[in-house]
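So the protein lines, in turn, are chains V and Y.
Here the first sequence stands for residues 1 to 361, where the numbers follow my numbering.
Here the second sequence stands for residues 362 to 722, where the numbers follow my numbering.
Quick notes on the structure that follows.
2 protein chains.
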Amino acid sequence: MRTLNTSSLDHLAVGAALLGAGGGGDPYIGKLLASWAIETYGSPQIVDPSEVPDDALCVMTGSMGAPTVAIERLPGGDELHLALLALERYLGKSITHLVGMEIGGINSMLPIASAARSGLPLVDCDGMGRAFPELQMCTPSLFGILASPMVIADAKGNTVVIDSADNHTAEKMARLITIEMGAVSYIALYPQSGKSLKESMIPRTLAFAENIGAVIAHARAKKVDPLAALLEVTRGVRLFEGKITDVDRRTVHGFARGVVSLSGIGPDTGSTLKVKFQNENLIAEYNGIIVATVPDLICFIEPSTGTPMTTEELRYGLRAAVIGIPCDSRWRTDSGLQLVGPKYFGYDLTYTPIENFVKPT
Amino acid sequence: MRTLNTSSLDHLAVGAALLGAGGGGDPYIGKLLASWAIETYGSPQIVDPSEVPDDALCVMTGSMGAPTVAIERLPGGDELHLALLALERYLGKSITHLVGMEIGGINSMLPIASAARSGLPLVDCDGMGRAFPELQMCTPSLFGILASPMVIADAKGNTVVIDSADNHTAEKMARLITIEMGAVSYIALYPQSGKSLKESMIPRTLAFAENIGAVIAHARAKKVDPLAALLEVTRGVRLFEGKITDVDRRTVHGFARGVVSLSGIGPDTGSTLKVKFQNENLIAEYNGIIVATVPDLICFIEPSTGTPMTTEELRYGLRAAVIGIPCDSRWRTDSGLQLVGPKYFGYDLTYTPIENFVKPT
Numbered sequence: 001m002r003t004l005n006t007s008s009l010d011h012l013a014v015g016a017a018l019l020g021a022g023g024g025g026d027p028y029i030g031k032l033l034a035s036w037a038i039e040t041y042g043s044p045q046i047v048d049p050s051e052v053p054d055d056a057l058c059v060m061t062g063s064m065g066a067p068t069v070a071i072e073r074l075p076g077g078d079e080l081h082l083a084l085l086a087l088e089r090y091l092g093k094s095i096t097h098l099v100g101m102e103i104g105g106i107n108s109m110l111p112i113a114s115a116a117r118s119g120l121p122l123v124d125c126d127g128m129g130r131a132f133p134e135l136q137m138c139t140p141s142l143f144g145i146l147a148s149p150m151v152i153a154d155a156k157g158n159t160v161v162i163d164s165a166d167n168h169t170a171e172k173m174a175r176l177i178t179i180e181m182g183a184v185s186y187i188a189l190y191p192q193s194g195k196s197l198k199e200s201m202i203p204r205t206l207a208f209a210e211n212i213g214a215v216i217a218h219a220r221a222k223k224v225d226p227l228a229a230l231l232e233v234t235r236g237v238r239l240f241e242g243k244i245t246d247v248d249r250r251t252v253h254g255f256a257r258g259v260v261s262l263s264g265i266g267p268d269t270g271s272t273l274k275v276k277f278q279n280e281n282l283i284a285e286y287n288g289i290i291v292a293t294v295p296d297l298i299c300f301i302e303p304s305t306g307t308p309m310t311t312e313e314l315r316y317g318l319r320a321a322v323i324g325i326p327c328d329s330r331w332r333t334d335s336g337l338q339l340v341g342p343k344y345f346g347y348d349l350t351y352t353p354i355e356n357f358v359k360p361t
Numbered sequence: 362m363r364t365l366n367t368s369s370l371d372h373l374a375v376g377a378a379l380l381g382a383g384g385g386g387d388p389y390i391g392k393l394l395a396s397w398a399i400e401t402y403g404s405p406q407i408v409d410p411s412e413v414p415d416d417a418l419c420v421m422t423g424s425m426g427a428p429t430v431a432i433e434r435l436p437g438g439d440e441l442h443l444a445l446l447a448l449e450r451y452l453g454k455s456i457t458h459l460v461g462m463e464i465g466g467i468n469s470m471l472p473i474a475s476a477a478r479s480g481l482p483l484v485d486c487d488g489m490g491r492a493f494p495e496l497q498m499c500t501p502s503l504f505g506i507l508a509s510p511m512v513i514a515d516a517k518g519n520t521v522v523i524d525s526a527d528n529h530t531a532e533k534m535a536r537l538i539t540i541e542m543g544a545v546s547y548i549a550l551y552p553q554s555g556k557s558l559k560e561s562m563i564p565r566t567l568a569f570a571e572n573i574g575a576v577i578a579h580a581r582a583k584k585v586d587p588l589a590a591l592l593e594v595t596r597g598v599r600l601f602e603g604k605i606t607d608v609d610r611r612t613v614h615g616f617a618r619g620v621v622s623l624s625g626i627g628p629d630t631g632s633t634l635k636v637k638f639q640n641e642n643l644i645a646e647y648n649g650i651i652v653a654t655v656p657d658l659i660c661f662i663e664p665s666t667g668t669p670m671t672t673e674e675l676r677y678g679l680r681a682a683v684i685g686i687p688c689d690s691r692w693r694t695d696s697g698l699q700l701v702g703p704k705y706f707g708y709d710l711t712y713t714p715i716e717n718f719v720k721p722t
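Put into C-alpha cells, the structure is as follows:
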C-alpha cells in the first residue's frame with residue numbers, strides 16, 4: 001500500500017500519454033482533476049492487487065466518449081461519484097475498491113480523482129494495459145466477467161444503469177447514451193470480486209506508467225537519449241524516426257480515423273512510415289510492409305525530449321520517433337485477438353507479435 | 362375491486378382500439394398476451410383509484426417503440442416482469458400496484474398481462490386517456506412526477522435503468538435504447554405514491570374503454586346505428602363520413618407520418634376531409650378548414666359495424682366515419698397543451714376544444 005501524491009501525478013500523466021498509443025485523450029485534463037481531488041479530499045491509497053481481499057467488491061471507473069469533448073467541457077468531479085452511488089444502489093452492496101479501466105490517456109487519472117473523492121482504495125491495475133476505444137475491450141471480458149451492471153452518469157445528474165449479459169450490447173447501449181449525454185459520460189462498470197480481479201486485470205500498470213514518466217524526466221534532466229531509456233523500460237522496439245509529411249484525419253461514426261505519413265531522417269533516410277489510426281494507432285507500415293499491429297502499442301514520441309505525442313497533436317512538419325511496445329500477453333491469446341486484434345478493426349491481417357517482425361531493409 | 366376475466370378483454374380491446382386515435386398499435390396482440398397471462402396465472406384484480414392506499418408504490422407498465430414490430434416479434438410475457446423486478450431492485454422497495462401508461466392501443470392490455478403475471482392489483486386509470494407517441498406525454502408529467510427511475514427491458518434479458526430529473530431526457534434515452542433493442546421494448550416507469558396517483562392519473566379509463574366496446578357490440582347485436590351509440594358514450598362529435606381517396610404514409614424518425622384524404626358520402630357528399638397523423642391522428646381539415654386537433658381524439662370507424670380502424674389499416678377505397686372525442690381536461694391546460702398540443706407536433710395552431718369548432722357549410 002502506498003499513498004499517491006500530486007508529484008507522482010506528473011510522471012504518471014506522461015507515462016499514461018505514451019500508453020495511450022496515440023489515443024485515450026491527453027491525460028493533462030485528467031491530471032488537473034486528480035490534483036484537485038487530492039488537494040480537496042486527500043491522497044488516495046494505492047493497493048497492490050495481491051493486497052485485495054478475495055471477497056472485495058471492485059469496480060472500474062473512467063470516462064467514455066470523445067476526449068476532445070472532455071477537454072472542452074471539464075467534468076465537475078462528482079459525475080464519477082454519482083455513477084458509483086447509483087451502482088451501489090443497484091447492486092445493493094458497498095463498493096470496497098476502485099480500479100482503472102485503461103491506463104492509457106485520461107482514464108489513467110479519473111480513477112485517482114474518484115478514489116480521492118470516495119475515500120476508497122485504488123488497486124494498481126487496469127483492464128487494457130493501454131487505451132482502446134470500446135468498453136468490451138477489457139481483459140475481464142476474456143474471463144467471462146460482465147461489464148454489467150454498469151452505470152453511465154453525466155454532469156446534469158442523469159444516470160443510466162445498463163444490465164446486459166453481453167458486453168458488446170452493453171457497449172452499444174452505453175455509446176448511444178453517451179452521445180445523447182453530449183458525447184462524454186462517466187462510467188462505473190465490471191463489478192467483480194477481489195478474487196477474480198487478481199486473475200482478470202493487468203497488474204501494476206499505475207506503477208509502470210509512473211516509471212515511464214520518471215525515466216523520461218530522468219533522461220531529460222541528465223541530457224541522455226530519452227528514446228533509448230524508453231525502449232529499455234517498455235521492452236519496446238524502435239520503428240522509425242522522421243518528419244510528418246501528411247495527416248489525413250476524418251471523424252467516422254464518432255471515431256477519429258486516419259493515416260499519418262512520415263518521411264525518414266537519420267538511419268531511416270529514404271524510407272517512409274504510414275500509421276493508420278482509429279483514436280489509437282492500429283497499424284504501422286514501413287516502406288509499405290507492415291511492421292506493427294494492434295493490440296501491440298504504436299507510439300509517437302517527440303525525439304529530443306521523449307514527450308509522447310497523441311494523434312491529435314500530430315501536424316505536418318513535426319519531427320517524431322515511432323516505437324512499438326508489446327501488449328499484455330492476455331491480448332495475444334485467440335480470445336484476446338478476437339476482441340482487439342487487427343481483424344476487429346477491419347484489417348484482414350494475422351497478428352504477429354511486434355518483437356517477431358523483421359523490418360525490411 | 363373487481364376481477365377481470367378474459368370475456369371483458371374483448372370489449373376492452375375494441376374500446377382501446379378506438380381510444381388509440383389511429384395509433385397505439387392494434388390491441389389484438391396485447392389481448393392474446395393478456396388472455397394467456399390470465400389463463401396461466403389467474404385473473405388480476407382491478408381496483409378503483411379511490412381504493413389505493415396513499416402510501417402505495419404504483420408503477421406504470423407498457424411497451425415502447427413500433428407497434429408493427431411488437432406484432433411481428435411477440436413479447437414472451439416475461440419482459441414486463443423483468444422490468445418490474447429491476448425497478449424494485451433499483452428502488453429498494455416492493456411495488457404494490459400497477460397502472461397503465463396509455464389506454465389507447467396495445468398498451469391497454471400489457472398492464473393486464475403484467476398484473477396477472479405478478480399478482481399485483483391493477484388500478485383502473487391511465488396516464489394519457491388515449492395514445493401518444495412519447496413517454497413524457499403522461500398526465501403525471503403535469504404534476505411534476507418523474508418518469509424516472511424507469512426500466513427498459515427486452516426479450517433477450519437486457520435491462521436498462523434510466524434515472525433523469527427531466528422526462529424529455531428520459532424519453533430521448535429510452536428511445537435510443539429501444540431502437541437498439543430492436544425497435545420495441547417493455548418498460549416500467551413513473552413510480553409514484555397512491556396519494557399522487559389519485560391526483561395525477563386519469564381515472565376509470567379501463568371501465569370507459571370496456572364500456573365503449575360493450576356499446577359497439579350491443580349496437581351491432583341490436584342492428585342499431587353504432588355511430589350514434591358511440592357518440593353518446595364518448596360525448597363525441599361526428600366529423601365526416603366518406604371513402605378514402607389517398608393514404609400518404611412515410612416513416613420519419615421512427616414515426617409513421619402521413620395524411621389520409623377522404624371524399625364525402627351521404628351528408629358529406631361533395632366535401633373532403635384530410636387527416637394528418639404521426640402514429641396517432643393529429644389534425645382534421647374539413648374542406649381545408651381545421652375542425653379537430655390533438656390532444657382531442659380523431660378516430661376512424663368502419664361505419665356499418667362501429668369497428669375502430671387504426672391508421673395502419675386505412676387503404677384506398679375503404680369507407681370510414683371519422684369522429685372527434687374530447688380529451689381529458691388535464692390536457693386542455695396551458696401545461697397540458699405545451700406537452701401534447703398542436704405546436705408540440707409542429708403545427709402552428711392554437712388549440713380549440715373539439716366541441717367549440719363550427720363545421721364549415
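Just so you know, even glycine gets a beta-carbon here, dropped at the ideal spot from N, CA and C.
Assuming residue 468 (chain Y) and residue 385 (chain Y) form a contact by the criterion Cβ under 8 Å, report the distance between their Cβ atoms to the nearest whole angstrom.
6 Å
Using the beta-carbon of each residue, which ones in chain Y are nearer than 7 Å to residue 157 (chain V)?
526
Taking the C-alpha atoms as reference points, what is the distance between residue 378 (chain Y) and residue 297 (chain V)?
60 Å
Using a Cβ-Cβ cut-off of less than 9 Å, give me the residues of the segment 651–671 of chain Y that come near chain V, in sequence order.
none
Proximity to residue 652 (chain Y) [Cα-Cα], best of Y:610, Y:623, Y:717 and Y:606:
Y:717
Counting only Cβ-Cβ distances shorter than 8 Å, please list the residues of the segment 443–462 of chain Y near chain V, keeping chain order.
447, 450, 451 and 453
Confirm, please, whether the CB-CB distance from residue 178 (chain V) to residue 105 (chain V) is below 8 Å.
no
Under DSSP, the alpha helix (DSSP H) around residue 220 (chain V) begins and ends at which residues?
205–222
Please return the same chain residues whose Cβ sits closer than 7 Å to the Cβ of residue 442 (chain Y), not counting the five positions on each side in sequence.
475, 478 and 479
When you compare the CB positions of residue 260 (chain V) and residue 237 (chain V), do they come within less than 8 Å of one another, or not?
no
Examine the Cβ distances between the segment 492–508 of chain Y and the segment 686–706 of chain Y and report whether three or more of them are shorter than 8 Å.
yes
Hey, which unbroken runs of the alpha helix (DSSP H) at 4 residues or more fall wholly within the segment 456–531 of chain Y?
471–479 and 500–503
Figure out for me which residue from Y:667, Y:447 and Y:543 has the closest Cα to the Cα of residue 372 (chain Y).
Y:667
Residues sharing a beta bridge with residue 321 (chain V), DSSP
V:241 and V:301
Taking only the alpha-carbon atoms, compute the straight-line gap between residue 139 (chain V) and residue 613 (chain Y) and give it to the nearest angstrom.
41 Å
Considering only DSSP beta bridges, list what residue 607 (chain Y) is partnered with.
Y:622
Indicate whether at least one CB of chain Y lies closer than 8 Å to the CB of residue 265 (chain V).
no
Tell me which same chain residues have a C-beta within less than 6 Å of the C-beta of residue 188 (chain V), skipping the five on either side of it?
59, 61, 83, 84, 87 and 151
So what's residue 587 (chain Y) in DSSP terms, helix, strand or just coil?
helix
So does the segment 318–325 of chain V actually touch the segment 231–246 of chain V, counting three or more Cβ pairs closer than 8 Å?
yes
Quick one: measure Cβ to Cβ for residue 547 (chain Y) and residue 424 (chain Y), integer angstroms, because I've assumed they're closer than 8 Å.
5 Å
Under 8 Å, do residue 219 (chain V) and residue 225 (chain V) count as touching if we go by C-beta distance?
yes
Any contact of the segment 521–533 of chain Y with the segment 502–510 of chain Y, i.e. 3+ C-beta pairs under 8 Å?
yes
Quick one: residues in its chain with C-beta nearer than 7 Å to the C-beta of residue 247 (chain V), no 5 flanking neighbours on either side, listed in chain order?
258, 260, 314, 315 and 316
Neighbourhood of residue 96 (chain V) by C-beta distance below 6 Å, restricted to the same chain and skipping five residues each side
56 and 57
Please classify residue 647 (chain Y): is it buried, with 16 or more other beta-carbons within 10 angstroms of its beta-carbon, or exposed?
buried
Is any heavy atom in the ligand GDP found nearer than 7 Å to the beta carbon of residue 215 (chain V)?
This structure does not include the ligand GDP; it has no bound ligands of any sort.
Give a yes or no on whether the minimum CB-CB distance between residue 80 (chain V) and chain Y is below 8 Å.
no
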